[in-house]
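Trainee: Numbering (full-length UniProt numbering), first residue to last: 1 to 297.
Let me give you the structure first, and then I'll get to my questions.
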Amino acid sequence: MSLVIHIGYHKTATTWLQRRVFTPQMGFASLLDHGDVDRLIIKPHDLDFDPKPARDSLQIQQQSKPPNTCPIVSSETLSGHPFYGGKQSAAIARRLHDIAPDARILVTVRSQETMLPSVYMQYLQRGGTLSHQAFFAGSGGYGYPGFEPSHFCYDRLIALYQSLFSTVHVMTYEHLAKAPDQVLSQLSAVLGHPIPTLGKAAGNRVSASLPQAVAPLLRRINHARKSTLNPSPAIALSREPGWMHRALAAGAGFAHPLLTARPVDAYVKAHFNGMFTGSNQRLNQITGGQLDLSAYP
1 MSLVIHIGYH KTATTWLQRR VFTPQMGFAS LLDHGDVDRL IIKPHDLDFD PKPARDSLQI
61 QQQSKPPNTC PIVSSETLSG HPFYGGKQSA AIARRLHDIA PDARILVTVR SQETMLPSVY
121 MQYLQRGGTL SHQAFFAGSG GYGYPGFEPS HFCYDRLIAL YQSLFSTVHV MTYEHLAKAP
181 DQVLSQLSAV LGHPIPTLGK AAGNRVSASL PQAVAPLLRR INHARKSTLN PSPAIALSRE
241 PGWMHRALAA GAGFAHPLLT ARPVDAYVKA HFNGMFTGSN QRLNQITGGQ LDLSAYP
């Protein structure tokens, strides 16, 4: 059975898919973890990249998996990093074609109106210290990557994959959240591989974001904890995620009904109004009108 490559995007239930769906119990054989993907596919310099190590690793790992399972590589990092404008997304697509030209590509997308706030909250959970206004403004320096809204014009990257691979299947986060078994039934038909229905426990959320109302507090906490995005704070009280993040998450969960303010949502709707309309229309066209994009701006 030919390889399936799930490229993300980030914040489209990718962790839930990896933990609840792309498992042996559901008929999948997961190949290359996030570290392998980074080391073999993403991290090599353009002048150094060689598809053979990734190809060999895939072959070796697949040989150790049970027969009659569907081999899959699932890593949202393959769609490019949203904090830095997804700069490598096109290069990664071509690298994947060099590694596995017969692979079937799976892409998960999400309405930009909920995607962008979720990305910002993830940025804070990774140790970021910028306000949402400053984060969405992107990089202020020449040659330094930052957030770029064009990364979330999904039609561009999907069209590139369609030009490289014969099978590119797109699923929406919204459809997954509403009717996961229906989505997986459609995926099963595309892959020609049976996927069992999900149990009730499989519907539980994984890695849910903190409420937006705690964003100002979290930004200030991040100034005092060592993290990937802030490796050398002036005062390092904790390493990511650390006791502060766990305490904040617990407190937010307890007080969640009171934390209803959604300032990032409001900013995104006002600041990016109309920016993604054309892209979403093109996405509808290149996917044959088969996606429910009614929640997409």
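By construction, the Cβ of each residue, glycine as well, lies at the ideal position given by its N, Cα and C atoms.
For the beta strand (DSSP E) containing T108, list its first residue and its last residue.
Mentor: First-last of the beta strand (DSSP E) with T108: 104-109.
Trainee: Determine the direct distance from the alpha carbon of R94 to that of K52, and round the result to whole angstroms.
Mentor: When rounded, the distance between both Cα atoms is 14 Å.
Trainee: For the segment 78-134, list the beta strand (DSSP E) runs that are entirely contained and at least 3 residues long, ordered along the chain.
Mentor: Runs of the beta strand (DSSP E) inside the segment 78-134: 104-109.
Trainee: Distance, Cα to Cα, K65 vs P180?
Mentor: If you take the alpha carbons of K65 and P180, they lie about 26 Å apart.
Trainee: What residues are listed by DSSP as bridge partners for H169?
Mentor: According to DSSP, which records beta bridges pairwise, H169 is partnered with L106.
Trainee: Buried or exposed: N222, going by 16 or more other Cβ atoms within 10 Å of its Cβ?
Mentor: Flag for N222 reads buried.
Trainee: Taking the beta strand (DSSP E) that H6 falls in, what are its first and last residues?
Mentor: 4-6 is the span of the beta strand (DSSP E), which, as asked, contains H6.
Trainee: Measure the CB-CB distance between M171 and C70 and report whether it falls below 8 Å.
Mentor: No, Cβ-Cβ distance for M171 and C70 is not below 8 Å.
Trainee: DSSP three-state label for S30, please.
Mentor: Three-state DSSP puts S30 in a strand.
Trainee: Just to confirm, are L100 and L164 a CB contact at a threshold of 8 Å?
Mentor: Per the sequence shown, residue 100 should be read as Ala rather than Leu. Contact flag unset, no.
Trainee: Would you tell me roughly how many angstroms separate the C-alpha atoms of Q125 and L229, rounded to the nearest one?
Mentor: Cα-Cα distance, rounded: 10 Å.
Trainee: Return the first residue and the last residue of the alpha helix (DSSP H) that V190 is part of.
Mentor: That run of the alpha helix (DSSP H) goes 180-191.
Trainee: Please report the Cβ distance between I92 and L31, rounded to the nearest whole angstrom; I am assuming they are in contact, meaning their Cβ atoms lie under 8 Å.
Mentor: With a Cβ gap of about 16 Å, I92 and L31 do not count as contacting.
Trainee: Closer than 8 Å is the cut-off here; do at least three beta carbon pairs connect the segment 115-124 with the segment 181-201?
Mentor: No, they do not touch.
Trainee: Under the criterion of a Cβ to heavy atom distance below 7 Å, does G138 qualify as lining the ligand HEM?
Mentor: This structure does not include the ligand HEM; it has no bound ligands of any sort.
Trainee: Contact check, Q62 vs A103 under 8 Å by CB: the rounded distance?
Mentor: No, Q62 and A103 are not in contact; Cβ-Cβ is about 12 Å, not under 8 Å.
Trainee: Below 8 Å on the Cβ atoms is my guess for S79 versus Y173; work out the distance and round it to an integer in Å.
Mentor: The Cβ separation is near 13 Å, so there is no contact.
Trainee: Kindly indicate which three-state DSSP category I42 falls into: helix, strand or coil?
Mentor: Looking at I42 - three-state DSSP - the assignment turns out to be helix.
Trainee: Take the Cβ of residue 310 as the centre, count every other Cβ of all protein chains shown within 10 Å, and call the residue buried at 16 or more, exposed below.
Mentor: Lying outside 1 to 297, the shown extent of the chain, residue 310 is not represented and no answer is given.
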